[in-house]
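Presented below is the structure to which this report refers.
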Amino acid sequence: AKTTIDFINTTYDEFMWEVKMGQRRVAVPESLTALTVRTADGDVVPRPRFESDQNVYIRMGGRDLDSSAIQDLTTPIRADDYIKAINEGLSLFEMQIGVSAGLFSFDGKSMKTATEIVSENSDTYQMRNSIVALVEQSLKELVISIFEIAKAYDLYQGEAPGMDNISVSLDDGVFTDRDAELDYWIKVVNAGFGTREMAIQKVLNVTEEKAQEIAAEINTGIVDKINQQRTDTHLYGE
């Protein structure tokens with residue numbers, strides 16, 4: 001798939017160059033221009049050169065009877081050809097990574113905001129979540145491998161951490177709907193399908209040990225509040 005990505009990238013760069021080179025250019029007779037270039041020593045030396053950002057050129061001398069006219073040199077932009085080539089590359093990329101056809105396009109008609117993608121639970125959002133899970137797993141394995149290699153070369157004396165002891169934060173702040181995620185885990189805990197510690201770990205993106213500490217602090221605060229209410233009731237009555 002990397003070669004396909006390189007093809008798409010190269011084609012897009014060529015398309016941008018095509019647009020740049022497609023700006024209007026005209027050729028004018030030399031009689032309508034004045035070319036003087038002064039060097040450091042004061043000599044005037046004309047040096048014609050091609051500038052990609054320049055759109056007015058001097059017509060060279062010839063036998064053209066209509067040499068006094070201004071000639072349009074603009075070349076048409078092959079936008080349709082490049083867009084078609086980019087879309088073909090995107091279609092091939094879809095097939096190579098195993099996503100549904102039509103997921104990627106370069107027509108500007110199917111652009112959506114990140115909020116729309118999250119709310120619709122689209123293929124793009126589901127694929128993003130799958131990729132995030134794979135990246136998170138790979139990063140954890142990489143961290144463990146680093147510790148194991150360091151231990152093998154006597155650079156680290158402790159034990160390598162386990163998968164559950166490593167926390168990876170991939171929250172880009174764009175695709176993650178924090179409110180929806182919190183509501184989801186509240187429903188999971190209330191339905192008895194998960195523990196409070198599990199919800200804390202997922203919502204706050206912390207390790208299992210840290211989630212247990214937070215849950216213990218919450219429980220301690222609840223117990224203290226209940227004891228305070230009992231004390232107030234004992235002193236002042238209901």
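Mapping of the sequence shown onto full-length UniProt numbering: residues 1 to 238, in sequence order.
All C-beta atoms in this analysis are idealised placements derived from N, C-alpha and C, irrespective of residue type, glycine included.
Q.
Using the Cβ count rule (16 or more neighbours within 10 Å means buried), how would you classify Gly89?
A. buried
Q.
Applying the 10 Å Cβ sphere with the 16-neighbour rule, what's the burial state of Phe106?
A. buried
Q.
Short of 6 Å in beta carbon distance, which residues of its chain neighbour Val132, apart from the five on each side in sequence? Order them along the chain.
A. Leu170
Q. Between the C-alpha atoms of Asp81 and Ser145, what's the straight-line distance to the nearest angstrom?
A. 48 Å
Q: Can you say whether Gln126 is buried or exposed, counting buried as having 16 or more other CB atoms within 10 angstroms of its CB?
A: exposed
**Q.** Nearest to Ile86 (by Cα), restricted to the options Glu141, Gln157, Asp6
**A.** Asp6
Q: Report yes if the C-beta of Val132 is less than 6 Å from at least one heavy atom of the ligand PLP; otherwise report no.
A: Among the components modelled here there is no ligand, and therefore nothing to report on the ligand PLP.
Q: Please check the pair Pro161 and Val143, which I expect to be a contact at CB under 8 Å, by giving their CB distance rounded to whole angstroms.
A: 7 Å
Q) Relative to the C-alpha of Leu73, which residue among Arg25, Asp41, Gln96, Ala79 is closest? A) Of the candidates Arg25, Asp41, Gln96, Ala79, the one whose C-alpha sits nearest the C-alpha of Leu73 is Arg25.
(Q) What does DSSP give as the partner residue(s) for residue 248 in the beta ladder? (A) Nothing about residue 248 can be reported from this structure: the residues present for the chain run from 1 to 238 only.
Q. With a CB to CB cut of under 7 Å and the five nearest residues on each side skipped, what residues in its chain are close to Leu65?
A. Residue confidence is low: Leu65 scores 44 on pLDDT, short of 50, so the model does not pin down where it sits. Its coordinate-derived value is still stated next. Taking C-beta separations shorter than 7 Å and ignoring five residues to either side along the sequence, Leu65 has no partners in its chain.
Q: Could you round the C-beta distance between Val168 and Lys140 to whole angstroms and report it? I think they count as a contact, below 8 Å.
A: The Cβ separation is near 6 Å, so the contact holds.
Q. Less than 7 Å separating the beta-carbons of Tyr156 and Phe147?
A. Yes, the Cβ-Cβ distance between Tyr156 and Phe147 is below 7 Å.
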